[in-house]
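A.B. asks:
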């Protein structure tokens, strides 16, 4: 896998390269020598790992990804390349472990294999789960429609035996096993149709999608331009130093608290009812700090 990740990243950066260039670059990168026959097998592994075709052009004697946009536009592939690529670099730099700081990984990631296998095979899951703030655990049989990572946590999402949608954080799962019963994904149901107008993982708070306009300071706006709040984000104006943005989503609890986390660097301009709700939360916070 180490070569596959490096190989695909190299082709994304350089677009095309001959086998000689590739093998020389790999030796400089890893200190390892690769035979040309081994390269052919590794090329096939890279194609299988990322679901792409790495074509050979006899006219230029070079290799390149047939359609790079398949990787550039696919969120999972981009995440895999970034995560695996970083892991490969850090593995080679373990001697720097006392100088490299990473965020702690949330517990429960070990459930990922069980959950995704059930998803692939169409089997329901029997899950014992304890919600945040609850002293009791509850068991449900759910159809694992989706898995989502948000804020360093993994979640499994899908309907339970009563049809109610469940969002279960992996690190709150106490027991999980594959059930004998099966399920079929609803026709047309995708991650985009389910989460396209959501900020995070809160589904059932009753809010509906709307266009939200907010004004942010120039410094905060520059950050949000490189790391958007939501895929729908667009810039409306950059007048007077401040930046005005719009997003189209459901103003759920987690989105409102993300806006509040920006402090006085952000102001909701519209819609008015959301502005009033944010103002009410700020007023309640002020009352806590009044002497």
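Numbering (this note's numbering), first residue to last: -2 to 288.
Every residue, glycine too, gets a C-beta built ideally from N, C-alpha and C.
If you pair each beta-carbon of the stretch 167 to 182 with each one of the stretch 107 to 121, do three or more pairs fall below 8 Å?
C.D. replies: Enough Cβ pairs lie closer than 8 Å, so yes.
A.B. asks: Could you have a look at residue 52 and say whether DSSP puts it in helix, strand or coil?
C.D. replies: Indexing the chain shown from 1 puts residue 52 at position 55. Here residue 52 sits in strand by DSSP.
A.B. asks: Inspect the CB distances between the stretch 155 to 167 and the stretch 218 to 235 and report whether three or more fall short of 8 Å.
C.D. replies: Verdict: no, contact absent.
A.B. asks: Would you mind listing the beta strand (DSSP E) stretches within the stretch 228 to 266 that are 3+ residues and don't spill past its ends, in chain order?
C.D. replies: Fully enclosed beta strand (DSSP E) runs of 3 or longer: 231 to 234 and 240 to 246.
A.B. asks: For the beta strand (DSSP E) containing residue 153, name the first residue and the last one.
C.D. replies: Here residue 153 refers to the residue found at position 156 when the chain shown is read from its first residue. From DSSP, the beta strand (DSSP E) with residue 153 extends over 150 to 156.
A.B. asks: What number of angstroms, rounded off, separates the C-alpha of residue 109 from the C-alpha of residue 153?
C.D. replies: Taking the first residue of the chain shown as position 1, residue 109 is located at position 112. Taking the first residue of the chain shown as position 1, residue 153 is located at position 156. So the two alpha carbons sit approximately 9 Å from each other.
A.B. asks: For residue 74, which residues from the same chain have a beta carbon less than 6 Å from its beta carbon, with the 5 sequence-adjacent residues on both sides left out?
C.D. replies: Position 77 of the chain shown holds residue 74. The answer, listed in chain order, is 47 and 68.
A.B. asks: Applying the criterion that 16 or more other CB atoms from any shown protein chain within 10 Å of the CB defines a buried residue, is residue 126 buried or exposed?
C.D. replies: As a working note, residue 126 is residue 129 in the chain shown. Burial call: buried.
A.B. asks: State the Cα-Cα distance for the pair residue 203 and residue 248, rounded to the nearest angstrom.
C.D. replies: Position 206 of the chain shown, counted from the first residue, corresponds to residue 203. Position 251 of the chain shown, counted from the first residue, corresponds to residue 248. Taking the straight line from one Cα to the other gives about 10 Å.
A.B. asks: Within its chain, find whatever has a CB closer than 7 Å to the CB of residue 50; leave out the 5 residues flanking it on each side and keep chain order.
C.D. replies: The count along the chain shown starts at 1 and reaches residue 50 at position 53. Excluding sequence neighbours, residue 50 sits near 44 and 63.
A.B. asks: Alpha carbon to alpha carbon, how far is residue 16 from residue 89?
C.D. replies: Taking the chain shown and counting its residues from 1, the one referred to as residue 16 is at position 19. Taking the chain shown and counting its residues from 1, the one referred to as residue 89 is at position 92. Distance between the alpha carbons of residue 16 and residue 89 is about 24 Å.
A.B. asks: Would you tell me roughly how many angstroms separate the C-alpha atoms of residue 100 and residue 196, rounded to the nearest one?
C.D. replies: Taking the chain shown and counting its residues from 1, one reaches residue 100 at position 103. Taking the chain shown and counting its residues from 1, one reaches residue 196 at position 199. The straight-line gap from Cα to Cα measures roughly 21 Å.
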